[in-house]
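Residue numbers (my numbering): 942 to 1118.
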Amino acid sequence: MTLPPASPAPAETRIDADVEPSPDRRAASPLARLMLAIGSIALLLAMSTDALAVAGRHAGIRLFGSIEIVQACIVLVATTAIVLTTLVEGHARVHILLDRLKPVTASRLLRGADWASALVFLWLAAGSTWLLADLWGAFELTEILHLPLRWLRLAWIIGSLVTAALFVRRALSRTAA
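Rendered as structure tokens:
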């Protein structure tokens, strides 16, 4: 009795996100390094503050304002993460649709998505700038540590403007290609 020939093994889908550093030279740009440094420092500060607060609670020592420090760090972490993800083109895409389209059509859709993303971040920057302008003279502070919120808002505005500029640059480079 002979066995039927074995069917070829299905092609293995390789998922390599976050496995190795990107070989793309944009990942090593000064902006990427700056965003990585700021985000890393903010994340380390948030984690250490929270760890000290938890350890302090178990030891019966209260660390007032730890939540405010963590919240301030989250603004920096989120802002740098968005800029860095945009810089290395790491945003999610629907490949189930893009892979089935003609390259010209897929490029047009990606260019449109880049323009739409740029508009979203410009809109966020405009709204945040409006809030910043309205509250600049109010000296808005956190409740316990009195951390000024204007600088965090300004960091977010700069981050969203940089993100919008990166999307515009990508959309224009797709037009030229």
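Here a beta-carbon is modelled for each residue, glycine too, at the ideal position from N, C-alpha and C.
What you are looking at is a predicted structure, and each value in this text was computed from that prediction instead of being measured.
Asked, Found
"Per DSSP, Pro1089 forms a beta bridge with which residues?", "Leu1082"
"Nearest CA to the CA of Leu993: which residue from Ile982, Gly1006, Ser981?", "Gly1006"
"Assign Val1061 to one of three DSSP states: helix, strand, or coil.", "helix"
"So, are the CB atoms of Met976 and Val1011 less than 9 Å apart?", "no"
"If we count Cβ pairs, one from each stretch, closer than 8 Å, do we get three or more for the segment 1059-1078 versus the segment 1028-1046?", "no"
"Go ahead and label Thr1122 buried or exposed: buried means 16 or more other beta carbons lie within 10 angstroms of its beta carbon, across all protein chains shown.", "The chain is shown from 942 up to 1118; residue 1122 falls before or after that span and cannot be answered."
"Kindly indicate which three-state DSSP category Ala1054 falls into: helix, strand or coil?", "helix"
"For my contact list, Val1016 and Trp1097 are in at a C-beta cut-off of 8 Å; report their separation, rounded to the angstrom.", "6 Å"
"Assuming Ala1033 and Ala1112 are in contact, meaning their beta carbons sit under 8 Å apart, how far apart are those beta carbons, in whole angstroms?", "The Cβ separation is near 17 Å, so there is no contact."
"Would you tell me roughly how many angstroms separate the C-alpha atoms of Glu1084 and Ile1008, rounded to the nearest one?", "11 Å"
"Secondary structure at Ser970, three-state DSSP: helix, strand or coil?", "coil"
"Could you name the residues of the same chain whose beta carbon sits closer than 8 Å to that of Thr1162, not counting the 5 residues immediately before and after it, in chain order?", "The requested residue 1162 is not part of the displayed model; the chain covers only 942 to 1118."
"On the CB-based measure, 16 or more other CB atoms within 10 Å of its CB, does Ala1067 come out buried or exposed?", "exposed"
"Kindly indicate which residue of Arg1091, Arg1115, Ile979 has the alpha-carbon position closest to the one of Arg1049.", "Arg1115"
"Check His999 in the structure and name its three-state DSSP category.", "helix"
"Work out the CA separation of Cys1014 and Pro971 for me, nearest whole Å.", "21 Å"
"Taking the alpha helix (DSSP H) that Ala1022 falls in, what are its first and last residues?", "1007-1028"
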